[in-house]
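Engineer: Before we start, here is the structure in question, set down as structure tokens.
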Amino acid sequence: MLTNYRFEDMTWPEVNAAVEAGKIPVIPIGTTEQHGPHLPLKIDRWTSTSICDEAAKRAPNRLTVLPPIAYGYTSHVMDFPGTITIHHETFIRYVVDVLKSLAYHGFKKIIMINGHGSNHNPLELAGRRAMLESDAWIAMASWWNLSDANSGFQDTWRDSPFPGGAAHAGEAETSLALHLDPDAVKMDRAVDQVIDHNKQESKYHWVDLFAAGPIRMDGWTSTYTPDGTMGNPTMATADKGQALFEETVKNLVEFAEEFAARDFLPRTDHHGRPPTMPPPG
1 MLTNYRFEDM TWPEVNAAVE AGKIPVIPIG TTEQHGPHLP LKIDRWTSTS
51 ICDEAAKRAP NRLTVLPPIA YGYTSHVMDF PGTITIHHET FIRYVVDVLK
101 SLAYHGFKKI IMINGHGSNH NPLELAGRRA MLESDAWIAM ASWWNLSDAN
151 SGFQDTWRDS PFPGGAAHAG EAETSLALHL DPDAVKMDRA VDQVIDHNKQ
201 ESKYHWVDLF AAGPIRMDGW TSTYTPDGTM GNPTMATADK GQALFEETVK
251 NLVEFAEEFA ARDFLPRTDH HGRPPTMPPP G
């Protein structure tokens, strides 16, 4: 039984053994970014890493957790000090290289768990590129979407209004931080911020961590929030954070087992004549 759940603690023969055992690497991905006056810059990396680490602890024969990717695409937040951003093309290429390295060593299924909203679309593209350029299958989820896999779960903890109350640095992220380490949260500085997107009460353009309107207009963060908060962190509690954490970890472990058991159909090239070049893109 392979119970070493941290990838970085393995030796290379243990990596070979993990491949043979069908273990699935899980990669926590976040960024270093402002989260209002009440939360630390590490939130997106911290939350995704904590979830992945706990899931791998609970399923050490199925999952191995990689060191986190601590920087992501955050250009729109650079008006707030402390935010670190990586060019979107650099970020995608970096993640693709990590995924393809794992595939090169023999891992056939890989999971990415994201903790930063603006990483979501680049990570979808990185996962797709890595799948097309290797023989591995890549799964990706942002932790809040994974927490909401079971219908009705959000109703068991959420008190803030929808949409908007649980957006960036709002009720959900602040609750999770309170569960992980209440000393890291400055609740006396938390302020309810209804961002400009949601003040318009448009059925087309609105924002929440768990959903968004059908129209996207994403500009500089400082144009729609005065302090970097998007939501109502004053409604956050450690108990809500524990519920979110436990549900997300449970769902990740369940999905890992489903992913491991899933067979994927082989690729079929339908050209009359075999192409003489690699596919574009």
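When we follow this note's numbering, the leftmost residue of the sequence shown carries the number 1, and every step to the right adds one. Yeah, the Cβ is synthetic: ideal placement off N, Cα and C, and Gly gets one too.
Between F153 and the rest of its own chain, which residues show a CB-CB distance below 8 Å, the 5 nearest in sequence each way excluded?
Structural biologist: Within the same chain, F153 has close Cβ partners S147 and E247.
Engineer: Ignore the nearest five residues each way along the sequence and tell me which others in N119's own chain have a CB closer than 7 Å to its CB.
Structural biologist: These residues qualify, in order along the chain: I29, T31, G72 and Y73.
Engineer: Measuring straight from C-alpha to C-alpha, what distance separates S75 and A184?
Structural biologist: The straight-line gap from Cα to Cα measures roughly 25 Å.
Engineer: In angstroms, rounded to a whole number, what distance separates the CA positions of T90 and L99?
Structural biologist: Straight-line Cα distance between these residues: approximately 14 Å.
Engineer: Please classify A136 as buried or exposed, where buried requires at least 16 other C-beta atoms within 10 Å of its C-beta.
Structural biologist: Its Cβ being crowded by 16 or more others within 10 Å, A136 is buried.
Engineer: Express the C-alpha separation of D159 and G106 in angstroms, rounding to a whole number.
Structural biologist: Cα-Cα distance, rounded: 45 Å.
Engineer: Can you check which of these residues, A149, Y5, T268 and A238, is closest to E173 by C-alpha distance?
Structural biologist: Nearest of A149, Y5, T268 and A238 to E173, Cα basis: A238.
Engineer: Since L39 sits in a beta bridge, which residues does DSSP pair it with?
Structural biologist: Beta-bridge pairing links L39 to H35.
Engineer: Which residues share a DSSP beta bridge with T221?
Structural biologist: T221 pairs with nothing; no bridge assigned.
Engineer: The beta strand (DSSP E) that contains A141, what's its start and end?
Structural biologist: Taken as a continuous stretch (DSSP letters only), the beta strand (DSSP E) holding A141 covers W137 to S142.
Engineer: How would you write the range of the alpha helix (DSSP H) that N121 sits in, first residue to last?
Structural biologist: First-last of the alpha helix (DSSP H) with N121: H120 to L132.
Engineer: Using only CA atoms, which one of T64, E254, M140 and V207 lies nearest to F7?
Structural biologist: Measuring from the Cα of F7, the nearest candidate turns out to be T64.
Engineer: How would you write the range of the beta strand (DSSP E) that L63 sits in, first residue to last?
Structural biologist: Looking at the DSSP string, the run of the beta strand (DSSP E) that includes L63 is L63 to V65.
Engineer: So, are the CB atoms of A190 and H35 less than 8 Å apart?
Structural biologist: No, these two residues do not count as a Cβ contact at 8 Å.
Engineer: Taking the alpha-carbon of Y204 as reference, which of I195, N198, P214 and L123 has the nearest alpha-carbon?
Structural biologist: The shortest C-alpha separation from Y204 is found at P214.
Engineer: Check whether the stretch 39-58 and the stretch 163-179 are in contact - that is, three or more C-beta pairs closer than 8 Å.
Structural biologist: Taking 8 Å as the limit for Cβ pairs, the verdict is that the stretch 163-179 does touch the stretch 39-58.
Engineer: Return the CA-CA distance between N251 and A59, expressed in angstroms with no decimal places.
Structural biologist: Rounded to the nearest angstrom, the two C-alpha atoms are 12 Å apart.
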